[in-house]
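Novice: Below are the C-alpha cells for one structure; questions will follow.
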Amino acid sequence: MNTGTYFVTAMRDGIAQAMREDKTVVLFGEDADKSVMGSTKGLIEEFGKERVINMPLSEATMVGLAVGAAAAGLKPIIDLMVSSFFYITMDQIANQAAKLRYMSGGQVSLPIVYFAATGGAGSAAAQHSENPHPTLAQQAGIKVVIPSNSSDAKNLMLASIRDPNPVVFLQEAVLGGSRGPISEDVEEIRLSVGRLVRSGADLTVFAVGRTVAMAQKAAEVLEKENISIEIIDPRTIYPWDKQIVLSSVEKTGRFLAVDTSRKTCGFGGEVLATVATEAFSCLKVAPQRLCPPDTPMPFAPHLEKFLSVSEEKIILQVRKMMGRS
Amino acid sequence: MNTGTYFVTAMRDGIAQAMREDKTVVLFGEDADKSVMGSTKGLIEEFGKERVINMPLSEATMVGLAVGAAAAGLKPIIDLMVSSFFYITMDQIANQAAKLRYMSGGQVSLPIVYFAATGGAGSAAAQHSENPHPTLAQQAGIKVVIPSNSSDAKNLMLASIRDPNPVVFLQEAVLGGSRGPISEDVEEIRLSVGRLVRSGADLTVFAVGRTVAMAQKAAEVLEKENISIEIIDPRTIYPWDKQIVLSSVEKTGRFLAVDTSRKTCGFGGEVLATVATEAFSCLKVAPQRLCPPDTPMPFAPHLEKFLSVSEEKIILQVRKMMGRS
Amino acid sequence: MVGEVDKSLSLKGLRLMMRIRSFEESVQKLFTQGKLPGFVHLCIGQEAVAAGVCLALESTDQITSNHRGHGHVIAKGGDVKKMFAELLGKSDGYCGGKGGSMHIVDFASGMLGTNGIVGAGIPIATGAAFANKYLKSDKVAVAFFGDGATNQGVFFEAMNMSALWQLPIIFIVENNQYTEWSRTGDLSVGTTISRALPFGIRASSIDGNDFIAVRQTVGEAVMRARAGGGPEVVECMTYRWHGHNEGEEAFAGHYRPKEEIEAWKKRDPIEALIVHLIAEKIISPEEVEKMRSEEKSLVDRAYEFAVASKPSDESEALTDVFAEQGGVK
Amino acid sequence: MVGEVDKSLSLKGLRLMMRIRSFEESVQKLFTQGKLPGFVHLCIGQEAVAAGVCLALESTDQITSNHRGHGHVIAKGGDVKKMFAELLGKSDGYCGGKGGSMHIVDFASGMLGTNGIVGAGIPIATGAAFANKYLKSDKVAVAFFGDGATNQGVFFEAMNMSALWQLPIIFIVENNQYTEWSRTGDLSVGTTISRALPFGIRASSIDGNDFIAVRQTVGEAVMRARAGGGPEVVECMTYRWHGHNEGEEAFAGHYRPKEEIEAWKKRDPIEALIVHLIAEKIISPEEVEKMRSEEKSLVDRAYEFAVASKPSDESEALTDVFAEQGGVK
Ligand SMILES: Cc1ncc(C[n+]2csc(CCOP(=O)(O)OP(=O)(O)O)c2C)c(N)n1
Ligand SMILES: Cc1ncc(C[n+]2csc(CCOP(=O)(O)OP(=O)(O)O)c2C)c(N)n1
Ligand SMILES: [Mg+2]
Ligand SMILES: [Mg+2]
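Protein chains in written order, with our numbering: chain A, -3 to 321; chain B, -3 to 321; chain C, 334 to 662; chain D, 334 to 662.
Structure below.
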C-alpha cells in the first residue's frame, strides 16, 4: 500500500499516545532519542530526555532495569532495536520478567513493553535476522505480539503498553516502511484477538506477521483456480487466539500454518499441534506448516529467499493440500 | 533400580573416558573441581587443575570462552550446573555457538559440550526448574541430549564429547541419584538414535527423560487393562530420531507425546506436529500431548506435583485415547 | 564497635539480628529433620549486614536480594509467620507457596525479591532506583549481593548506568569470601572497591560483623543518595557459619579450614553488639536474654502458624502468570 | 609519529592501510549504487589500528572482531577477492555468501570472526587465548572492539578471567568516540584504562591514527603476552570518517559536528604515515602513488573477481549447520 501511515510511524504514534496519557510511561533504548529504526522518531522532541532515555550498550541490564522500574511504579518501554539481541537479555526476560509475578504469588504486576525489529531484513544475515517469538512464547509470563500492518502496529502498541504484563512487541523488519490506514476503533486495542483477514471455504491459512500479505496475494492467485482460502492473522503470538483458528478449521477442514520462525519448536508447529489435537475430527487432509528450515539465516539474497516463506511457496503448498499439484 | 551405576557417576565416567582418550578435552565449571551435582566428582584428582577448571561466576563469558577455545583446538566441556542458567548465556549459545560454523561457510567445527541439571528437582522453584530444551532446539546448530538412564548418560556423554558440534547435555535433576547398568555396546555411543523402550500394539508413547520411567510404570498398569503401549525414548532431542517415531505410529495408529517442557512451543508439540503431518493417515484418534502447562514451576511440593507429568496422568490420558475413561 | 548509632536503633538492630538468627536456626533444624521442601541458604553469621543496612532505610525504600535472603527480608520488615509459611509451601506464605526460600517477595515492605540467579537482582534494583529518581520521590534502592556476584557482568553494567544517571542506589556487597565452595579470591582479581572506582562511585569496605559500623556507613551513604549524591558501593566483610546450602556436608568436603570457621564464630556479630551494649549500659544481661527468648518464641509461633496454615489450593498453581487485563480503555 | 618500527614493516603497514582504504571506498561506492546487499560499517579513518595491531601479530595468532571488521580481516592477511565475493554473496566468498560483511571469518589467517553482536567477540578471543596457553603454544589472541562495547558486561568478565589465568590476550579498544549515533561519553562513565585497573591489567591509551605508535605499543604488549605476561588493554583513539553504517544519512541527522569530522580528517592516518616515511626518506612520493594505485587495482580486480564469481547453489543454504559426525569410535 502506498498511502496511509508508515508502520514504524504507527508504532511511534501508539507510543506517543500512551506517553501523553500516562506520565509513568518512559522509553529506554540505544539511540532511542534518535531512532535507528524510525519507531521512536520525534519522541525526544515531544517528551524530552527525561522520558526518552538513550542507553549505554548494556542490554542485559537494560532489560532488568525495566523489571525494577515497573515494580517501582513506572511503565517502561524498552527499544531493543533488533530481536536477535533478546538472547543477551534472556535471563532478565525468562527468569525475572516472566516469573516475578508468579513467584511472588501475584504481589506485583510488571507493565513493560520490549520491542524490536524482527526477522530477515534483506541480507541482515544470521545475527540480525532472528525470529525469537517461539523462544519468548515458551517462557510463559511474556506476551508476544507481531502486527502485520500499520493499524495493528499502532493499536497493539497501545494495547501492549496498557497491558499490566511484560509484552514483547516484534516489528517485522521488512514491514517498517510499509503503509496503511489506521483503525480508530478502540476494540482494535486488544491483545490475544486474532483477525479474520479473508473468508474462504477450502483451507485455513494461519499466517504470522509478514506472511499475512503473502497469504493474501496467494489467495488471489488461488481464487482463480477455484481454491478459496481463509486467512487468519493471530496478531498476538502469545497467548494466541485459539478459538478463531479452531472455528475456521471446523469450517474448512484443511489447515496450513505459515510462520517465520524455524521449524523445530517453532510457532507454526505449536499451532499445528493444537489444531491436530483439538480439531482432529474436522481435518480432511494432514495439516501442514510452512516455515524456514532449521538453519541460521544466510547473508546472500538468493539464499535468504530460498529459505524464506513466500507467496509462491504458499501457493504450492495449498495446491498440494488441495490435491492440485 | 537399586543396583548399577549412579546416573551422575555414569556421566562422570563418560567425561573421564573422553579426557583419557584426548588431551584436548578440558572441563570448565563453577566448582567443577568439587562437583556440586556429583557429575564431575573425582576428575580433579585424575586430571588436575589444568584440565578441570574452577570458574568465576560469569556464565556468559564461560559459554563464549568455549566457542573460542573450540575454534582454537580444544574440546571444551562446560558444566553449567543448572539449566536455568542457560538463559544468561543465550547470546553465546544462540548467536555464536549455534551459528559460527554456518556463518563461516563451514570453516570451523565447534566440538563443545555444555551440560547442566534440568527440570524440577523437588521444590527447586521457578528459577532452578527450567526445561530449556525447546528453546535450545529452536536455535538450530545446537544438538540437545536428555538421557533417561545411567547407560545413556555415559554413552551419550561420550557421543556428545566426540561430536564435532556444540551439544547441550541435559541431566534430569531427579535422575542424578538413580542407578542402572551400563551398556558396553559401542553402538550405543551415538546421537540422534531413539530407543524402543517397550513394544506395544495400541498406542505410541513418546517419552522424554524422566518421563520414560513413568511411561514404563504406566505401561504395566495399562497392560492389565489390555492396553498395550509402545514406548519411544528419543534420547537425543535435537536432531531427534523421526523415523523410529513414525514407524511406531504406523503400527499403533495412536500417539501421545509426553514431555517435561511447557506446552507452548514445547518439544512435545513439535513431535506431535510432525506426527500429525507425516503420519496423518495412520492416526486413528487425535494425537495428544502431556506436558506441564504454561506457568513457571511453583515451589510447594503439592503444586509442583500438580503441574508435573506423572505415571497417573499418563495412564489417564492413554485410557482416554483408548476410549476407556 | 566503631561509630555511633542511637540507642533505640541499636536495640532494634539487636532484636532484628536475634530474630534472623532464631529464624535461621529453626529453619536449619527443620531441614535436618527433613521437614523442609527444597534447599536453603542460611545467613547465620551475616546478620549484622542485613540489620545494619535495613535499619538505615525507610520502609518505603526498596531492596533486592539473592539466594541468601532470609535476613534481608526480616530486616526490611518481613513477617516471620508469612516467611515460615512460604518455606513450608503454604497458602499463608508471602507467595502462597509459589516462591519458596529463594523467591520470597514482600512488596509491602519494599522487598522486591530474593533471587535464585546470582547477580540478577542488581539490574532490578537499578531500575527501582531509576523509578525513584524519575518519580522525584526520595526513596533509595539497595541491591544486596555476594562477593561471587561481583563477577557477573551486570554488576559493572549497573554501576555504569547508576553512575551515569546518579541514581539513588547502594550496592551492598556481602563479602563472605566464598562463592559456593570456592574461595572467591581464587576466582576474582582485584578488590570490590577497586571495581567501583572506574565509575567514580564512592566505595568503602567495612567490618560487616559490626552492626554499628554497617548502620553508620550505610546510613551516611543513604543520606547522600537521598540528597542526589548518586550510587555507592559498601562492601561488608563477613562470614557464613553454615554451608553454602544446608545439607552440603555430604558432598562438599572440607573446603574451609576449621580454624577459619572457628575464628569467625568468635566474631559473632550478635555477641559483639551485646558486649558493646552492655558495656555502654544500654542493655542489661537479663534484658538480652529476655529479648532473645522473645525472638525465639516469635519464631516458634511463626513456625506453628506455618504448620497450621493450609496448603494452597492446587488450582493456585495456575494463577498469577499474568495480571488481569485492566488496561483497555 | 612516535616510537620506532623498522622500515619494511612501515611500508607493509602503509600498503595494508591503503588496501583497507581502497577496499572500503570501493564498498562505499557500490553501496551508493545499490549494488551491495545488506548493510556495511566502514572503517575509513581507523586503518592504522587494524594495520598496526595485526602487523604486531604472527599469522598463527588469532583475532576476533566486530561489525566494523573489514580492516581487521585485511590486516590479518585476508584476501580481498574472497572478501568482496563474500560481500556480494558469492560462492567464492570466505563463507560462500552465508556470512556477509558482519560475519567474515577466515580461519586460515587466524581471523576467528567478525561479529554482529557488540561485545560477543570478547569471550571468544578469551577462549582462544585459553587454548593457546593450555596447548603451550606461544600464540596470542586479540579482541578488537569499540568504545561502545566497553559497556557490555562480558568485557569485565573476560578481563577478570584473563587476569586470573594470565592469558595471552590483548584487548584492543578502538575508541572512535561514538556508539552508533551517540557520543560514548554520554553513555559511559570513566575511561577505558580505568576499567582495566581493578584487574591489575596493564592498560594504555594511544593515538590510534599513528600507525607506528600502534605497532610499537601493541608489539610490546604482544611480546609480553607471548612470554606469559598476561592480558593487556590498548585503547586506540581514532575516528570513523563515515557514518556508523552506510546510508545512515537519511535517518541519523547531524549527530557529529562538521568541524569535528573535518578536524579528524586532517589527521588521516595514511597521510600521516606517508608524510613521516617521506620525511624519513623511506619512500618517495612517486613510490607512494605507485603503491596506492597498485592497491587500488588489487581491489578493483578483487571486485571483478567477485562479480564474476558464481552465486552459491541454493542447496548451500542448507549445509554447514552441523559438522559431519566423525566422532563415533
Ligand atoms: C547465575 C547463577 N550462577 C550460579 C548459581 C549457583 N550458585 C548459587 S549461589 C552461588 C555462589 C554465590 O556466591 P556469592 O554471590 O558470594 O553469595 P554467597 O552464597 O556467598 O552468599 C552460586 C555459584 C546461581 N544460582 N546463579
Ligand atoms: C549487542 C548489540 N547491541 C546493539 C547493537 C547495535 N549496534 C551495532 S554497532 C553499535 C555501536 C557499537 O559501538 P562501538 O562498539 O563503539 O563500535 P563502533 O561502531 O564505534 O566501531 C550498536 C549499538 C548490536 N549489533 N549488538
Ligand atoms: Mg560469597
Ligand atoms: Mg565506537
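Note that CB positions come from ideal geometry on N, CA and C, so glycine has one too.
Under DSSP, the beta strand (DSSP E) around L23/B begins and ends at which residues?
Specialist: 21 to 25
Novice: Ligand 3 and Q485/C: does any heavy atom of the ligand fall closer than 8 angstroms to the residue's C-beta?
Specialist: no
Novice: So is K662/C in contact with chain D if we call contact Cβ pairs under 9 angstroms?
Specialist: With a pLDDT of 29 at K662/C, under the threshold of 50, the predicted position of this residue should be treated as unreliable, and no value is reported.
Novice: For Q20/B and chain D, any beta-carbon pair shorter than 9 angstroms?
Specialist: Looking at the sequence itself, residue 20/B is Thr, so the reference to Gln does not match. Closer than 9 angstroms to some Cβ of chain D, the Cβ of T20/B qualifies, so yes.
Novice: Residues of the stretch 512 to 524 of chain D with a CB closer than 8 angstroms to any CB of chain F: list them in chain order, please.
Specialist: Although the question refers to chain F, the structure presented lacks it and instead comprises the protein chains A, B, C and D.
Novice: To the nearest angstrom, how far is it from the Cα of L192/B to the Cα of D198/B?
Specialist: 15 angstroms
Novice: To the nearest angstrom, report how far apart T550/D and V522/C are at their CA atoms.
Specialist: 24 angstroms
Novice: Please report whether the beta-carbon of A68/B lies at a distance below 9 angstroms from any beta-carbon of chain D.
Specialist: yes
Novice: Tell me the DSSP bridge mates of F202/A?
Specialist: I228/A, A253/A
Novice: With 8 angstroms as the C-beta to C-beta threshold (strictly closer), list the residues of the stretch 86 to 108 of chain A near chain B in chain order.
Specialist: So the close ones are M86, D87, I89, A90, N91, A94, K95, Y98, M99.
Novice: Might you give, ordered along the chain, the residues of its own chain that have their beta carbon closer than 8 angstroms to the beta carbon of I178/B, omitting 5 neighbours on each side?
Specialist: G0, T1, A6, D9, S146, S147, K150, N151
Novice: In chain D, which residues lie less than 7 angstroms from T291/A when you measure between Cβ atoms?
Specialist: A650, L651, V654
Novice: Taking 9 angstroms as the threshold (beta carbon to beta carbon), is K643/C in contact with chain A?
Specialist: no
Novice: DSSP three-state label for G660/C, please.
Specialist: With a pLDDT of 36 at G660/C, under the threshold of 50, the modelled position of this residue cannot be trusted, and the question is left open.
Novice: Using a Cβ cut-off of 7 angstroms, which residues of the stretch 48 to 77 of chain A contact any Cβ in chain C, in chain order?
Specialist: P52, S54, A56, T57, G60, L61, A62, V63, G64, A65, A67, A68, G69, L70
Novice: Which same chain residues, not among the five before or five after V555/C, have their C-beta less than 6 angstroms away from its C-beta?
Specialist: Taken in chain order, the residues that qualify are A389, V473.
Novice: Whose CA, out of N399/C, Q366/C, S442/C, lies closest to the CA of I457/C?
Specialist: N399/C
Novice: Which chain B residues sit within Cβ distance under 9 angstroms of S80/A?
Specialist: D87, A90, N91
Novice: Run through DSSP, which three-state label would C261/B get?
Specialist: coil
Novice: On the three-state DSSP scale, how would you describe Y636/D?
Specialist: In this structure, Y636/D counts as helix in the three-state DSSP scheme.
Novice: What does G137/B reach in chain D if we use C-beta pairs closer than 9 angstroms?
Specialist: V654, F655
Novice: Rounded to whole angstroms, what is the Cα-Cα separation between V201/A and G25/A?
Specialist: Those two C-alpha atoms are separated by around 36 angstroms.
Novice: Here's the rule I'm using: 16 or more other beta-carbon atoms within 10 Å means buried, otherwise exposed. How should V182/B be labelled?
Specialist: exposed
Novice: Does the beta-carbon of K414/D have 16 or more other beta-carbons within 10 angstroms, so that it is buried, or is it exposed?
Specialist: buried
Novice: For a test of the three-state rule: what should DSSP assign to Y427/D, helix, strand or coil?
Specialist: coil
Novice: Going by CA-CA distance only, name the one from E613/C, K629/C, V632/C that's closest to L344/C.
Specialist: E613/C
Novice: Taking 6 angstroms as the limit between beta carbons, can you name the residues of its chain near M15/B, skipping five residues before and five after?
Specialist: V21, F43
Novice: Let me know if T393/C comes out buried or exposed under the rule of 16 or more other beta-carbons within 10 Å of its beta-carbon.
Specialist: exposed
Novice: Buried or exposed for Q366/D, please, with buried defined as at least 16 other CB atoms from any protein chain shown within 10 angstroms of its CB.
Specialist: The C-beta of Q366/D has fewer than 16 other C-beta atoms within 10 Å across all chains shown, which makes the residue exposed.
Novice: Any idea what DSSP makes of Q485/C, helix, strand or coil?
Specialist: coil
Novice: Taking 8 angstroms as the cut-off, is the C-beta of N508/C nearer than that to any heavy atom in ligand 6?
Specialist: This structure does not include ligand 6; its bound ligands are ligand 1, ligand 2, ligand 3 and ligand 4.
Novice: For M624/D, which residues from the same chain have a beta carbon less than 7 angstroms from its beta carbon, with the 5 sequence-adjacent residues on both sides left out?
Specialist: L347, R348, M351
Novice: Can you list the beta strand (DSSP E) stretches of 3 or more residues lying completely in the stretch 433 to 512 of chain C, in chain order?
Specialist: 474 to 479, 502 to 508
Novice: Find the residues of chain D that neighbour G561/C, judging by a C-beta separation of less than 9 angstroms, and give them in chain order.
Specialist: G561/C does not reach chain D, its nearest Cβ partner there being about 16 angstroms away, counting only Cβ pairs nearer than 9 angstroms.
Novice: Which same chain residues, not among the five before or five after A650/D, have their C-beta less than 6 angstroms away from its C-beta?
Specialist: Annotation for A650/D: no residue places its beta carbon closer than 6 angstroms to its own, counting only its chain and skipping 5 residues before and after.
Novice: Quick check: the Cα distance between G446/C and Q510/D, rounded to an integer number of angstroms?
Specialist: 38 angstroms
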